[in-house]
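So the sequence lines, in the order shown, correspond to chains V and S.
Under the UniProt record's numbering, the residue at position 39 of the first sequence is numbered 39, and the numbers go up by one with no gaps.
Under the UniProt record's numbering, the residue at position 75 of the second sequence is numbered 75, and the numbers go up by one with no gaps.
From the three backbone atoms N, C-alpha and C, an ideal C-beta is built for every residue, glycine too.
Report on the structure given below.
Protein chains: 2
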Amino acid sequence: METLPIGDFAARSGVAPSALRYYEREGLIRSTRTTGNQRRYLRSELRRVAFIKIAQQVGVSLEEIRDALAELPENRTPTKADWARLSAHWRRKLEERIAIMERLRDQLTGCIGCGCLSLQRCNLINPADRLAARGSGPQMIINPPS
Amino acid sequence: METLPIGDFAARSGVAPSALRYYEREGLIRSTRTTGNQRRYLRSELRRVAFIKIAQQVGVSLEEIRDALAELPENRTPTKADWARLSAHWRRKLEERIAIMERLRDQLTGCIGCGCLSLQRCNLINPADRLAARGSGPQMIINPPS
DNA sequence: CCTTGAGTTGAAGTGAACTTCAAGTTGCAG
DNA sequence: CTGCAACTTGAAGTTCACTTCAACTCAAGG
Numbered sequence: 001m002e003t004l005p006i007g008d009f010a011a012r013s014g015v016a017p018s019a020l021r022y023y024e025r026e027g028l029i030r031s032t033r034t035t036g037n038q039r040r041y042l043r044s045e046l047r048r049v050a051f052i053k054i055a056q057q058v059g060v061s062l063e064e065i066r067d068a069l070a071e072l073p074e075n076r077t078p079t080k081a082d083w084a085r086l087s088a089h090w091r092r093k094l095e096e097r098i099a100i101m102e103r104l105r106d107q108l109t110g111c112i113g114c115g116c117l118s119l120q121r122c123n124l125i126n127p128a129d130r131l132a133a134r135g136s137g138p139q140m141i142i143n144p145p146s
Numbered sequence: 001m002e003t004l005p006i007g008d009f010a011a012r013s014g015v016a017p018s019a020l021r022y023y024e025r026e027g028l029i030r031s032t033r034t035t036g037n038q039r040r041y042l043r044s045e046l047r048r049v050a051f052i053k054i055a056q057q058v059g060v061s062l063e064e065i066r067d068a069l070a071e072l073p074e075n076r077t078p079t080k081a082d083w084a085r086l087s088a089h090w091r092r093k094l095e096e097r098i099a100i101m102e103r104l105r106d107q108l109t110g111c112i113g114c115g116c117l118s119l120q121r122c123n124l125i126n127p128a129d130r131l132a133a134r135g136s137g138p139q140m141i142i143n144p145p146s
């Protein structure tokens, strides 16, 4: 089966070789090795990298992405159906996130204008159906204590 | 004018005192000092913190947020009009970002299913009207080289 | 007045997601 | 076969957005 060395794979995926090695260490992607220990990537791995990049745009951490990718079959190249199932899952996450941002958009001007931006009662804060934007950052807004 | 010590201000804003000191060092917020060198915050600073938190949810870096806040008047407490102008600007950013995520949502399943997720020609990649999701991360997707 | 909780500082630590570096190895074009 | 770009590794460095720590000072109730 045709494989790509890391430089070509990096060029095709738009991800730096160093990042690809990092992803591999973190268990997000896999590669085979030549007899001389150099990485060779299956073309199907491109789809994994694409998924990683898309999930990152949505604000998902590599750890969560790894967990999601773990649902793909280990022993065979994932089929369209495998990918479709996974992407349906992410579609829902994406929709949640879109909903949050739409609410933010609808209320931003009003809230700032009216001065309710005291964070106490404004519904920009503490939305029940939040989706973590980032692992770090001001978790209190989106993930209030208690 | 009535001011709040850092603990109270932290409680009301939902941001830890350490983060507030950090924001001050970075020039995002300001405080006055007591004779004994303790910080006292104007209530109007709460609005700044709220703005910071909202912008962060949208995926904006503190540096960009600082630059945006720099447009507020230095010498007087910002009025509703000042805030409205600023928030109108961010509303547009938010709308761009929502549009990107909607396109992502509409094409995710199809793209993954069809295999075009090779990142070459799929329109999930290299959208012309991107908005940086994060300062770090895979800028190539959203900010392709050359 | 005195205690004690709240505040002060600079410096160092954290975690995520990488990148850079040094020193060495591999693979292929000529 | 040789030369050189591309590859390998582990370790250390980077940026962002904070947090934690140590050592100290301030403010307010009893």
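Identity of the residue in the options nearest residue i by Cα
i, options, result
"T3 of chain S", "S:R33, S:E74, S:R92 and S:A81", "S:R33"
"L20 of chain V", "V:G36, V:R48 and V:Q57", "V:R48"
"P73 of chain S", "S:P17, S:R97, S:R30 and S:S18", "S:R30"
"G36 of chain S", "S:P5, S:N75, S:A68 and S:A84", "S:P5"
"Q38 of chain S", "S:R92, S:D8 and S:R85", "S:D8"
"P78 of chain S", "S:S44, S:A99 and S:E102", "S:S44"
"L104 of chain S", "V:R105, V:R92, V:D106 and V:L104", "V:R92"
"R25 of chain V", "V:L42, V:E63 and V:A81", "V:E63"
"L42 of chain V", "V:D106, V:W90, V:R76 and V:Q56", "V:R76"
"L28 of chain V", "V:A84, V:A70 and V:W83", "V:A70"
"Q56 of chain S", "S:W90, S:R85 and S:D106", "S:W90"
"W83 of chain V", "V:E96, V:L46 and V:Y23", "V:L46"
Contacts of residue i in chain V (Cβ-Cβ under 8 Å)
i, result
"L94 of chain S", "M101, L104, R105 and L108"
"I29 of chain S", "Correct list: empty, because the minimum Cβ distance to chain V is about 13 Å."
Contact under 7 Å by Cβ, residue i with residue j
i, j, result
"L108 of chain S", "S13 of chain V", "no"
"L94 of chain S", "V60 of chain S", "no"
"S52 of chain V", "I65 of chain V", "Looking at the sequence shown, residue 52 of chain V is not Ser but Ile. Contact flag set, yes."
"P17 of chain S", "A11 of chain S", "no"
"M101 of chain V", "I98 of chain S", "yes"
Where residue i falls, given that 16 or more other Cβ within 10 Å makes a residue buried
i, result
"residue 147 of chain V", "The structure shown does not extend to residue 147 of chain V, since chain V is modelled only from 1 to 146, so the question has no answer here."
"A68 of chain S", "buried"
"A50 of chain V", "buried"
"R121 of chain V", "With a pLDDT of 45 at R121 of chain V, under the threshold of 50, the predicted position of this residue should be treated as unreliable, and no value is reported."
"S136 of chain S", "Confidence at S136 of chain S is low in this model, with a pLDDT of 30, below 50, so the placement of that residue should be treated as unreliable; the coordinate-derived value is given next. Flag for S136 of chain S reads exposed."
"K80 of chain V", "exposed"
"V15 of chain V", "buried"
"L119 of chain V", "Note that L119 of chain V scores a pLDDT of 41, beneath 50, so its modelled location is shaky and nothing firm can be said."
Cross-strand partners of residue i (DSSP beta bridge)
i, result
"Y41 of chain V", "V:L4"
"R33 of chain S", "S:R39"
Listed by chain order, chain V residues near residue i by CB distance under 7 Å
i, result
"R66 of chain S", "Result: empty, since nearest Cβ-Cβ is about 15 Å, beyond 7 Å."
Interface partners of residue i on chain S, CB under 7 Å
i, result
"I98 of chain V", "I98, M101, E102 and R105"
Check: residue i C-beta below 6 Å from any heavy atom of the ligand ZN
i, result
"W83 of chain V", "You won't find the ligand ZN in this model; it holds no ligand whatsoever."
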